[in-house]
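Residue numbers (this note's numbering), protein chains in the order written: chain A, 1 to 203; chain B, 204 to 376.
Note that the Cβ used here is the ideal one computed from N, Cα and C, for glycine as well.
Note that the structure is a prediction, hence the values are computed from the model and not measured.
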């Protein structure tokens, strides 16, 4: 049986939409378990006191990336049928900067704001309201910014293609970078804890 | 509502869990997870309900409304986000972490925190639509499929966040 199953017609749209709900439940569950429904915990990422965001994101990316790599290597999955987000260099760089400023200010991202709201956090609800306002604002200015938003299009462009390296090499490099980032994150958290502990003793 | 909240799980374990969910999305559907797309579908549907000619004449809204025969709220990502709300609620309930409260640092008031959350959300709404995704659709899905634009977005988002962080530091102390 070849994956992706939906792409090869193993089930229809109704089952696909049911899968959306089930996978969403699991996604929300793990986000909440990892503390991602708490804006104070997320914001720690930007002050080097709690790097859970980096650890969680990199663990998730590496897990799914290795799964895709091995399944395609074993001939169980057709990678060409897996959706790769399209590249638009300039709008993604500018959009990323604007998004990042909003992330530090709001302390939650669009997905985690839903978990925050679901667990009773009013700041999660306020952020969701802000997201709706922002998307509406973008829609209203789209006639003016659409040209820029569609610029520097590169299609489904991947790192192996851009760097001229093999798929396996890029996967290996990202795993190595992730392991280095995990070690760095642990070191930063230990460093952030030290003065706090000293202050507690002094008090 | 229990008063004793269970400690959060290891972010590594939660991350691996999300990675498995993401991999299942690839294997079953051939697509990844997302979040901001669901917000777009809801906004496009709302605009279409209140001002249908305005929505039809705007390429951004029209893109989320398909042929008009199908309801954009039946979109895959809208259902996935409904699932996220259910899953987050279930986890929070079972762990005793439900609180009707505002998460903030001691340096600001609740009201100021809610304004910050709204303003931050607005900026993220604009940024995510300009970039065609957020930390889920570009960060996780594009990160795992090695999309060049996704990795550029992730790097730019962290640069933007670290640049803004000193300015809003008081909010998180």
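- In the DSSP assignment, the residues bridged to residue 121 of chain A are B/304.
- At the C-beta level, residue 341 of chain B and residue 334 of chain B come within 8 Å of one another.
- In the DSSP assignment, residue 77 of chain A forms a beta bridge with A/3.
- Residue 82 of chain A sits away from residue 346 of chain B, with the two beta carbons spaced by 8 Å or more.
- In this structure residue 26 of chain A is in contact with residue 290 of chain B, their Cβ atoms being roughly 6 Å apart against a cut-off of 8 Å.
- Per the Cβ contact rule, the region 84–98 of chain A is not in contact with the region 278–297 of chain B (fewer than 3 Cβ pairs under 8 Å).
- Scanning B/318, B/324, B/316 for the CA closest to the CA of residue 114 of chain A turns up B/324.
- Under the three-state reduction of DSSP, residue 336 of chain B is assigned to coil, being neither helix nor strand.
- In the three-state scheme derived from DSSP, where H, G and I count as helix and E and B as strand, residue 48 of chain A is classed as coil.
- Chain B has a Cβ within less than 8 Å of the Cβ of residue 71 of chain A.
- In the three-state reduction of the DSSP assignment, residue 88 of chain A falls in the strand class.
- Taking the CA atoms as reference points, residue 76 of chain A sits about 44 Å from residue 367 of chain B.
- Within the model, the alpha-carbon separation for residue 358 of chain B versus residue 298 of chain B is close to 33 Å.
- Boundaries of the beta strand (DSSP E) harbouring residue 155 of chain A: 153–155, taken from the DSSP string.
- If the five residues before and after residue 43 of chain A are omitted, its C-beta is found closer than 6 Å to the C-beta atoms of 107, all from its own chain and listed in chain order.
- In terms of CA proximity to residue 208 of chain B, A/35 leads the group A/17, A/19, A/35, A/15.
- Taking the CA atoms as reference points, residue 15 of chain A sits about 14 Å from residue 280 of chain B.
- In this structure residue 304 of chain B is exposed. Its beta-carbon is surrounded by fewer than 16 other beta-carbon atoms within 10 angstroms.
- For the region 302–323 of chain B, the beta-carbon criterion of a distance under 9 Å to any beta-carbon of chain A is satisfied by 302, 303, 304, 305, 306, 307, 308, 313, 316, 317, 318, 319, 320, 321, 322, 323.
- A Cβ-Cβ separation of about 7 Å places residue 218 of chain B in contact with residue 57 of chain A under the 8 Å criterion.
- In the three-state scheme derived from DSSP, where H, G and I count as helix and E and B as strand, residue 113 of chain A is classed as helix.
- According to DSSP, residue 59 of chain A shares a beta bridge with no other residue.
- The C-beta distance from residue 59 of chain A to residue 215 of chain B rounds to 5 Å, short enough to fall under 8 Å.
- Below the 9 Å Cβ cutoff, chain B contributes 350, 351, 352 as neighbours of residue 157 of chain A, in chain order.
- Counting along the chain, residue 354 of chain B sits inside the alpha helix (DSSP H) bounded by residues 351–367.
- Selection B/237, B/264, B/256 evaluated against residue 248 of chain B yields B/264 as nearest (Cα-Cα).
- Counting along the chain, the unbroken alpha helix (DSSP H) around residue 41 of chain A starts and ends at 39–43.
- Between residue 254 of chain B and residue 140 of chain A, the alpha-carbon positions lie close to 12 Å from each other.
- Within 7 Å of the CB of residue 97 of chain A, the CB atoms of chain B belong to 359, 362, 363, in sequence order along the chain.
- In chain A, no part has a C-beta under 8 Å from the C-beta of residue 373 of chain B; the shortest such distance is about 12 Å.
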